[in-house]
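Student: Pasting a structure here, questions to come.
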Amino acid sequence: MSERYRPLFKLDSGGMAEVYVAEAESMAGFKKKVAIKRILPNLLKDERFVRMFLDEARLSLHLSHANVVTVFDIGKSSSTYFIVMEYVEGVNLKAILLELARRRGTCPVHMTVWILNEVLKGLDYAHQLRDPETGRKLGIVHRDISPPNILISWNGEVKLTDFGLAKASTQLESTDPGVVKGKFSYLSPEAASGLEVDARADIFAVGILAFELLTGRRLFLGESDYDTVQLVRGAEVPSIGDINPEVTPELEKILLRALTKDPDDRYQTASEFADDLLAFLFSRSLKVSSRDLADFLSPLRSKQVLPAEPKPDESNLILKLIEDEFADIRSLDEQDDGPPTGSQPLTSLGGYDPSAPLALDDFDNGDLSPAPTGPGESEPTPVPAPGSAPMRVDGPEDSLPHGKSTPAGRVQSPPPRAGMGMMPWVALLLVLGAGAGAYYWFVVLGNA
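First residue of the sequence shown: 35, per the working numbering; consecutive thereafter.
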């Protein structure tokens with residue numbers, strides 16, 4: 035890894051990972067702030083979780099769009115894994131909704147439409163992304179479009195993050211029976227009913243965001259997770275215009291199409307949804323840009339208090355331990371022990387079907403707990419499908435220390451003969467003869 039990382043403060047934490055803001059310094063002395071997601075070390079014993087984490091990291095490395103958080107590197111230390119990503123200095127949509135609720139207000143119509151359009155641009159890019167080698171569509175579905183995963187910078191930039199639950203044809207980590215991935219309130223009816231999940235599920239989630247921004251109310255929220263899932267399955271949406279008179283029938287028609295229960299009656303692509311939203315803005319002569327969004331966020335920015343960067347003379351044991359761990363980070367492609375635990379390369383898909391429906395029998399019984407995973411349980415090694423690219427296998431020669439041996443296929447010059455002193459000699463390797471399988475050496479000795 036060509037950069038060193040110095041942790042500044044913890045940005046967020048959860049039950050599976052924590053995020054630190056760090057200062058990255060390149061070998062040339064250039065410095066910038068980055069966000070580093072650190073998997074909690076106690077979860078490394080769960081091989082399934084490690085695979086899911088690395089699936090997120092590898093998938094994110096293929097995403098490059100202005101409305102998607104950039105992932106710079108995947109790292110590993112002696113104790114855990116890391117994702118080094120772009121630091122978006124601002125807030126997430128959850129903070130904005132909380133502030134609106136505190137003020138008992140709603141997001142202005144033109145601002146809501148602008149935010150939704152930016153989210154849809156990022157989604158459309160991800161949905162349409164193709165494998166650069168095969169040209170085959172990757173089939174990415176985010177599956178967790180929710181307020182915490184929509185980041186908005188103080189400059190008015192809108193970015194999607196956390197593709198950890200994304201469903202793509204490159205991933206080998208499928209969903210266990212009885213487990214629904216994604217926050218319950220932002221599921222699509224088909225996901226909550228165990229049907230196929232595709233890009234239209236993300237479109238439904240964007241519709242939920244629109245409802246909450248424009249009404250200041252949660253669309254699907256029951257007294258329990260089970261009740262919430264039942265509400266999502268029913269997909270009953272009250273009139274948005276009745277709650278917020280500023281929402282015109284024209285706009286409500288657009289949003290209700292995104293929130294249609296049947297995916298076939300919904301917008302089929304994110305770009306189609308975005309086009310109708312922009313057409314609404316133009317028809318109303320509503321001008322809005324990222325500068326307007328930045329101005330809208332300025333009151334919230336004045337209230338935002340982030341942890342102060344520790345001074346050099348301050349003693350902060352936790353940050354010191356994290357700094358020591360960050361100093362040990364290496365890129366996964368720098369590892370000498372072969373590929374890490376996790377997904378196979380893009381072309382090694384085995385027999386995984388990305389559109390396989392989720393089994394939700396436990397939901398019908400009111401049981402929302404994930405499928406049990408006992409100690410010592412592990413998955414069999416995936417077998418590539420006929421005709422697929424072979425899985426990468428690194429031989430032991432790739433992990434040998436320098437100076438003890440050389441990787442297969444490389445030739446090492448023989449040592450100088452005794453008594454030759456400093457006399458030069460040159461070893462010339464001729465091309466292998468067809469089928470001969472031997473190397474020919476010619477040694478030219480200098481004057482004695």
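Cβ atoms here follow ideal geometry from the backbone N, Cα and C, with glycine treated the same way.
Tell me where the beta strand (DSSP E) around Asn126 begins and ends.
Tutor: Here the beta strand (DSSP E) through Asn126 covers 124 to 126.
Student: Ordered along the chain, which non-local residues of its own chain (more than five positions away) have a Cβ less than 7 Å from that of His99?
Tutor: Result list for His99: Gly156, Tyr159, in chain order.
Student: Buried or exposed: which applies to Thr168, given that a residue is buried once 16 or more other Cβ atoms fall within 10 Å of its Cβ?
Tutor: The residue in question, Thr168, is exposed, as its Cβ has fewer than 16 Cβ neighbours within 10 Å.
Student: Give a single yes or no on whether Tyr260 has its beta carbon closer than 6 Å to a heavy atom of the ligand GDP.
Tutor: In the structure shown, the ligand GDP is absent, as is every other ligand, since no ligand is present at all.
Student: In this structure, how does DSSP classify Leu331 when only helix, strand and coil are distinguished?
Tutor: Looking at Leu331 - three-state DSSP - the assignment turns out to be helix.
Student: Answer with buried or exposed for Ser94, where buried requires no fewer than 16 other C-beta atoms within 10 angstroms of its C-beta.
Tutor: Flag for Ser94 reads buried.
Student: Taking the alpha carbon of Gly63 as the point to measure from, which residue in Phe83, Val53, Arg38 has its own alpha carbon closest?
Tutor: It is Arg38.
Student: Let me know if Leu285 comes out buried or exposed under the rule of 16 or more other beta-carbons within 10 Å of its beta-carbon.
Tutor: That one is buried.
Student: In the DSSP output, what is Lys201 paired with across the bridge?
Tutor: Beta-bridge pairing links Lys201 to Val175.
Student: Suppose the cutoff is 8 Å on Cβ atoms and the five residues either side in sequence are ignored; what does the same chain contact list for Val240 look like?
Tutor: Within the same chain, Val240 has close Cβ partners Leu150, Val153, Leu154, Leu157, Ile179, Ala292, Ala304, Phe307.
Student: Since I believe Pro142 is in contact with Ser113 (beta carbons under 8 Å), could you give me their beta-carbon distance rounded to a whole number of angstroms?
Tutor: Contact doesn't hold; Cβ gap of about 47 Å is too wide.
Student: Alpha carbon to alpha carbon, how far is Asp329 from Arg137? Give it in angstroms, no decimals.
Tutor: When rounded, the distance between both Cα atoms is 17 Å.
Student: Leaving aside the five residues before and after Gly139 along the sequence, list all residues of the same chain whose C-beta is less than 6 Å from its C-beta, in chain order.
Tutor: Same-chain partners within the cutoff: there are none.
Student: Tell me which residues share the same chain as Pro406 and place their Cβ nearer than 6 Å to its Cβ, disregarding the 5 neighbours each side in the sequence.
Tutor: Confidence is the limiting factor: at Pro406 the pLDDT is only 32, short of 50, which leaves the residue's position unreliable, though a coordinate-based value still follows. For Pro406, where only same-chain residues beyond five positions count, there are no Cβ hits under 6 Å.
Student: Write down the C-beta distance between Ser111 and Ile288 rounded to the nearest angstrom, noting that I regard them as a contact closer than 8 Å.
Tutor: Actually they are not in contact, since the Cβ atoms of Ser111 and Ile288 sit about 48 Å apart, beyond 8 Å.
Student: Scan the region 264 to 335 and note each continuous alpha helix (DSSP H) run of 4 residues or more that stays entirely inside, going in chain order.
Tutor: Counting whole runs of 4 or more residues, the region 264 to 335 contains the alpha helix (DSSP H) stretches 274 to 277, 283 to 292, 304 to 317.
Student: Taking just the CA atoms, how far does Met119 sit from Glu57?
Tutor: Distance between the alpha carbons of Glu57 and Met119: 12 Å.
Student: What does Ile184 pair with, by DSSP beta-bridge criteria?
Tutor: Answer is Leu194.
Student: Could you tell me which residues DSSP puts in a beta bridge with Ala69?
Tutor: Paired residues: Val55, Met119.
Student: Output yes or no for whether 7 Å exceeds the beta carbon distance between Gly23 and Leu134.
Tutor: This structure cannot settle anything about residue 23, because the visible part of the chain is limited to 35 through 482.
Student: Starting from Met105, follow its DSSP beta bridges and name the residues at the other end.
Tutor: Reading off the sequence, residue 105 comes out as Val, not Met. Val105 pairs with Met119.
Student: Quick check: the Cα distance between Gly212 and His176, rounded to an integer number of angstroms?
Tutor: Confidence in Gly212 is poor, its pLDDT being 43 and thus under 50, which makes the residue's placement too unreliable to answer from.
Student: Would Leu320 pass as a contact of Val281 if the rule is Cβ separation under 7 Å?
Tutor: Not in contact: Leu320 and Val281 (Cβ atoms no closer than 7 Å).
Student: Among the candidates Arg252, Arg85, Asp296, whose CA atom is the shortest distance from the CA of Gly268?
Tutor: Answer by Cα proximity: Asp296.
Student: From the DSSP output, in three-state form, read off Lys217 for me.
Tutor: In the structure shown, Lys217 sits in coil (DSSP, three-state: anything other than H, G, I, E or B).
Student: DSSP three-state label for Asp46, please.
Tutor: Here Asp46 sits in strand by DSSP.
Student: Once DSSP output is grouped into helix, strand and coil, what is the label at Pro223?
Tutor: Three-state result, Pro223: helix.
Student: Helix, strand or coil for Ser94? Go by DSSP, reduced to three states.
Tutor: In this structure, Ser94 counts as helix in the three-state DSSP scheme.
Student: Could you please give me the residues that DSSP links to Ser113 through a beta bridge?
Tutor: In the DSSP output, where bridge partners are listed per residue, Ser113 has none listed.
Student: Give the straight-line distance between the Cα atoms of Leu253 and Val84, rounded to the nearest whole angstrom.
Tutor: Taking the straight line from one Cα to the other gives about 33 Å.
Student: Counting only the same chain and skipping the five closest in sequence on each side, list residues whose C-beta sits under 7 Å from that of Glu359.
Tutor: Here the set comprises Ser111, Ser113.
Student: Taking its Cβ as the centre, do 16 or more other Cβ atoms sit within 10 Å of Gly124, making it buried, or is it exposed?
Tutor: Counting Cβ neighbours within 10 Å, Gly124 comes out buried, since at least 16 surround it.
Student: To the nearest angstrom, how far is it from the Cα of Val263 to the Cα of Lys128?
Tutor: About 20 Å.
Student: Return yes when the Cβ of Leu185 is within less than 7 Å of the Cβ of Asn126, no when it is not.
Tutor: In contact: Asn126 and Leu185 (Cβ atoms closer than 7 Å).
Student: Which of helix, strand or coil does DSSP assign to Pro142?
Tutor: Three-state DSSP puts Pro142 in coil, outside helix and strand.
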